[in-house]
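Numbering (my numbering), first residue to last: 55 to 494.
All C-beta atoms, glycine included, are put in the ideal place defined by N, C-alpha and C.
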Ligand code: GAP
């Protein structure tokens, strides 16, 4: 497997991902997506939406506001408990996420544990620590013209609550049969103490979450089914290699405050095996809390038995950036062709930013350029994600298209003018075949 630096470098060089606000010296924990990156990201998100919402009869979409009534975060427990352990080195005054100082430490780490383990400051090498403090990760903002306690609000730290707060609206409007799910894609914000590892841990990221509402006695069955669907999506739709994906049962003491069971689905990233996504059994924790805080009835009335109860919830939660980093990791390949080293992204055809690249063999031959434009127009009308490249020599064009993952390069040469055939060159094998334009 390659190292992360190679992926970061390719992403910058080829217009996938840039440092956020780079022109002003950057903004820690933020990343911007360039033309190629946004294309890959959107394709991943579209595949997800198609798989979970459009193809299934039992999952519906919602799209809630990012800034929600602050009561949301009190009821959900985020105001009180959505925090990470923060520690400051008394020598150099650098702050760190305490549990990230050593692999042996958990999120519940104490100052005593750090002192006993004689953990050194990664910045100055001394071991003179302040107390571990809980640092709330929600980004605060103020809504309206005043800046006081009454105008305080937060950028959502998870998309899930925008689903829970619309559960009643959905029941009252479309009244779906139970079990049913509500799905949402969108931005989430967390003031991470130490954002790191490229787009793996950022302060602003995108989530794709499903809250799947079930009868309390059937949660185990649905948990198992949804876990299987998550694997099906990751392996068969996104094309991640099965052997790089691992299930990790999260120990009770490490689970989020709302969960009675969590499985983290981990991936072999260049930084090691890390969480790609999670699936959690959230019980009726959220709907009970909303009912208590809003005094609105959150019960579901069974259409057959007439019985009313508060559903329990299974939550598959995907992070878009972590999925994208997994796709890039799996696709990044280095090989040697005729003694020349090359880098390529073996992206699945349906995720590649461009499906075809069309080129005239020579840029300075108007008849070739004109014919190539014709072919480009045909493919563009049919597939949309088709690019044009007439820069440099043909070898350089192939290298560039290999690096951005374009599966096929179509080249128009003098033979094309005579017999309407083109050369199609395959990204992975580099083999070329001659086919008729009508066969493309
Ligand atoms: N609603 C449940 C929830 O938010 P989570 O484990 O905190 O659970 C779910 O987050 C997923 O969101 C993670 O598995 C990961 O893919 C993504 N994620 C969380 N924090 C992230 C961060 N700081 N940067 C990038 N992705 C993140």
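Host beta strand (DSSP E) of residue 187 (start-end):
187-190
Mark residue 433 as exposed unless 16 or more other C-beta atoms lie within 10 angstroms of its C-beta, in which case mark it buried.
Classification of residue 433: buried, given that the 10 Å Cβ count is 16 or more.
Could you check whether residue 264 and residue 129 sit closer than 7 Å to each other, using their CB atoms as the reference points?
no
Hey, would you say the C-beta of residue 246 is under 6 Å away from at least one heavy atom of the ligand GAP?
yes
I'd like the ranges of any alpha helix (DSSP H) spanning at least 4 consecutive residues and lying wholly in the segment 258-325.
273-286
When DSSP labels each residue in this structure, what does residue 99 get in the three-state scheme?
Residue state, collapsed to three classes: helix.
When every heavy atom of the ligand GAP is checked, does at least one fall within less than 6 Å of the C-beta of residue 313?
Checking the Cβ of residue 313 against the ligand GAP gives no.
What residues match up with residue 395 in a beta bridge as DSSP calls it?
390
Opening and closing residue of the alpha helix (DSSP H) in which residue 342 lies:
Membership of residue 342 in the alpha helix (DSSP H) is indicated by the continuous run 339-348.
Hey, out of 316, 346, 386, 142, whose CA is closest to residue 324's CA?
386
Leaving aside the five residues before and after residue 384 along the sequence, list all residues of the same chain whose C-beta is less than 7 Å from its C-beta, in chain order.
294, 295, 298
8 Å contact criterion, which residue 452 and residue 442 should meet: CB distance rounded:
Their Cβ separation, rounded to whole angstroms, is 15 Å, which puts residue 452 and residue 442 out of contact at 8 Å.
For residue 354, which of 230, 279, 244, 308 has the nearest alpha-carbon?
230
Given this structure, state the Cα-to-Cα distance separating residue 179 from residue 147, to the nearest angstrom.
12 Å
If you scan the segment 63-113 from start to end, which runs of the alpha helix (DSSP H) of 4 or more residues do you find wholly inside it?
89-103
What is the DSSP secondary structure of residue 453, reduced to helix, strand or coil?
helix
Could you tell me if residue 275 is buried or exposed, where buried requires 16 or more neighbouring beta carbons within 10 angstroms of its beta carbon?
The residue in question, residue 275, is exposed, as its Cβ has fewer than 16 Cβ neighbours within 10 Å.
Using three-state DSSP, classify residue 142 as helix, strand or coil.
strand
Spatial neighbours of residue 113 in its chain, beta-carbon cut-off 8 Å, leaving aside the 5 residues before and after
Closer than 8 Å at Cβ, skipping near neighbours: 106, 107, 234, 235, 236, 237, 264, 266.
Using alpha carbons as the reference points, say which of 191, 109, 488, 111 lies closest to residue 255.
191
For residue 121, the residue or residues it bridges with in DSSP
209
Using the C-alpha atoms, what's the distance from residue 468 back to residue 447?
Looking at the two C-alpha atoms, the distance is approximately 16 Å.
Would you list the residues sitting across from residue 414 in a DSSP beta bridge?
466
I need the DSSP call for residue 378, collapsed to helix, strand or coil.
Three-state DSSP puts residue 378 in a helix.
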